[in-house]
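K.L.:
The structure follows.
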Amino acid sequence: MEMYFSSPQVLAMSSRSWLSYYYQNRFHLTPLSYEMLEYASGFSSEQCPEGIVAISTNTLRILALETLGAVFNQVSYPVEYTPRKFIIHPETQNLIIAETEHNAYTEETKKQRRVQMAEEMQEAAEENEQELAREMAEAFLTEDLPEKIFGAPKAGPGMWASLVRILDPRTGTTEAITRFEQNEAVFSISLVKFSNRPDAQYLVLGVAKDLNLNPRVSNGGFLYTYR
Numbered sequence: 001m002e003m004y005f006s007s008p009q010v011l012a013m014s015s016r017s018w019l020s021y022y023y024q025n026r027f028h029l030t031p032l033s034y035e036m037l038e039y040a041s042g043f044s045s046e047q048c049p050e051g052i053v054a055i056s057t058n059t060l061r062i063l064a065l066e067t068l069g070a071v072f073n074q075v076s077y078p079v080e081y082t083p084r085k086f087i088i089h090p091e092t093q094n095l096i097i098a099e100t101e102h103n104a105y106t107e108e109t110k111k112q113r114r115v116q117m118a119e120e121m122q123e124a125a126e127e128n129e130q131e132l133a134r135e136m137a138e139a140f141l142t143e144d145l146p147e148k149i150f151g152a153p154k155a156g157p158g159m160w161a162s163l164v165r166i167l168d169p170r171t172g173t174t175e176a177i178t179r180f181e182q183n184e185a186v187f188s189i190s191l192v193k194f195s196n197r198p199d200a201q202y203l204v205l206g207v208a209k210d211l212n213l214n215p216r217v218s219n220g221g222f223l224y225t226y227r
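Heads up: the sequence shown at position 9 corresponds to 9 in the UniProt record's numbering, and the numbers run straight through without jumps.
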């Protein structure tokens with residue numbers, strides 16, 4: 001779609017929209033950091049003299065083109081815990097991301113806690129309420145409460161959950177995940193070669209065990225090595 005503002009511009013729409021324009025004596029072709037657009041047209045008003053009116057799914061959107069000439073473009077991919085470190089694999093160009101969350105349970109600990117709480121519900125019930133308590137415990141175990149909506153349970157200070165994710169940044173696909181035990185916190189990550197294996201590359205992770213933030217002490221540390 002060709003648009004005419006103070007200078008001609010072309011907007012190409014596909015799974016990702018691209019804008020071609022002339023700026024500071026140069027032609028630019030820039031991807032838009034935005035949702036997929038189905039239809040678009042030039043738009044001008046007092047508040048937005050050079051903009052685009054577009055349709056995305058069932059929503060009408062008005063875009064203002066700012067920071068022309070910028071080459072930065074971003075895409076967000078959701079992860080499970082807070083990313084602490086990442087490296088780029090030199091051969092695959094995949095991201096290897098260390099994710100660590102304080103005040104959090106691992107997935108395995110969450111399952112164990114749910115079973116424990118269900119058992120406590122039945123034990124606390126009176127004899128004439130055992131059948132009702134059993135039904136409530138079964139419903140509690142099978143109930144699905146998405147953490148994106150209801151939030152994750154808080155584990156308390158000194159409780160950690162960690163994983164390492166291999167992510168393809170071109171598609172956002174997670175290629176592999178390695179999870180760690182409760183209270184193992186991954187804080188450093190590196191690709192190394194050893195003198196006795198110069199042709200092989202290893203992933204080394206620095207892990208703290210039972211880390212307390214204040215005062216900052218732990219019960220030990222590990223170096224996990226993967227090939």
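Don't be surprised by glycine CBs; every beta carbon is placed ideally from N, CA and C.
Just to confirm, is the Cβ distance from L95 to I52 under 8 Å?
P.N.:
Taking the sequence shown and counting its residues from 1, one reaches residue 95 at position 95. Taking the sequence shown and counting its residues from 1, one reaches residue 52 at position 52. Cβ distance not < 8 Å, so L95 and I52 don't count as in contact.
K.L.:
Does E184 come out as helix, strand or coil in the three-state DSSP assignment?
P.N.:
In the sequence shown, counting from the first residue as 1, residue 184 sits at position 184. Strand at E184.
K.L.:
Does E99 come out as helix, strand or coil in the three-state DSSP assignment?
P.N.:
The residue you call residue 99 lines up with position 99 of the sequence shown. In the structure shown, E99 sits in a strand (DSSP, three-state: E or B).
K.L.:
I'd like the list of long-range same chain contacts for L205, defined as Cβ closer than 6 Å, with 5 residues on each side in sequence excluded.
P.N.:
By one-based count along the sequence shown, residue 205 stands at place 205. Correct list, in chain order: V186, I189 and Y224.
K.L.:
Going by C-alpha to C-alpha distance, which of L163, M117, N219 and D210 sits closest to F86?
P.N.:
For the purposes of this step, residue 86 is taken as residue 86 along the sequence shown, with counting starting at 1. Here the closest residue by C-alpha is L163.
K.L.:
How far does the alpha helix (DSSP H) with L163 in it extend, from its first residue to its last?
P.N.:
Along the sequence shown, read from residue 1 onward, the residue named residue 163 stands at position 163. No alpha helix (DSSP H) contains L163, which is instead part of the beta strand (DSSP E) from W160 to D168.
K.L.:
When the distance is taken between beta carbons, is L167 closer than 8 Å to T178?
P.N.:
Numbered from its first residue, the sequence shown carries residue 178 at position 178. Numbered from its first residue, the sequence shown carries residue 167 at position 167. Not a contact, by the Cβ cut-off of 8 Å.
K.L.:
Reducing DSSP to helix, strand and coil, say where L141 ends up.
P.N.:
If you number the sequence shown from 1, residue 141 lands on position 141. Helix at L141.
K.L.:
Got a sec? Which residues, its chain only, sit under 8 Å from Y4 by beta carbon, not counting five neighbours each side?
P.N.:
In the sequence shown, counting from the first residue as 1, residue 4 sits at position 4. Legend: pLDDT at Y4 = 47, less than 50; position of this residue unreliable, value from coordinates given subsequently. Taken in chain order, the residues that qualify are G42.
K.L.:
Taking P78 as the reference, give the member of T106, L141, E99 and A124 with the closest Cα.
P.N.:
For the purposes of this step, residue 78 is taken as residue 78 along the sequence shown, with counting starting at 1. If we check each option's Cα against that of P78, E99 comes out closest.
K.L.:
What is the DSSP secondary structure of K110, reduced to helix, strand or coil?
P.N.:
Within the sequence shown, numbered from 1, the residue matching residue 110 stands at position 110. DSSP places K110 in helix when its eight states are reduced to three.
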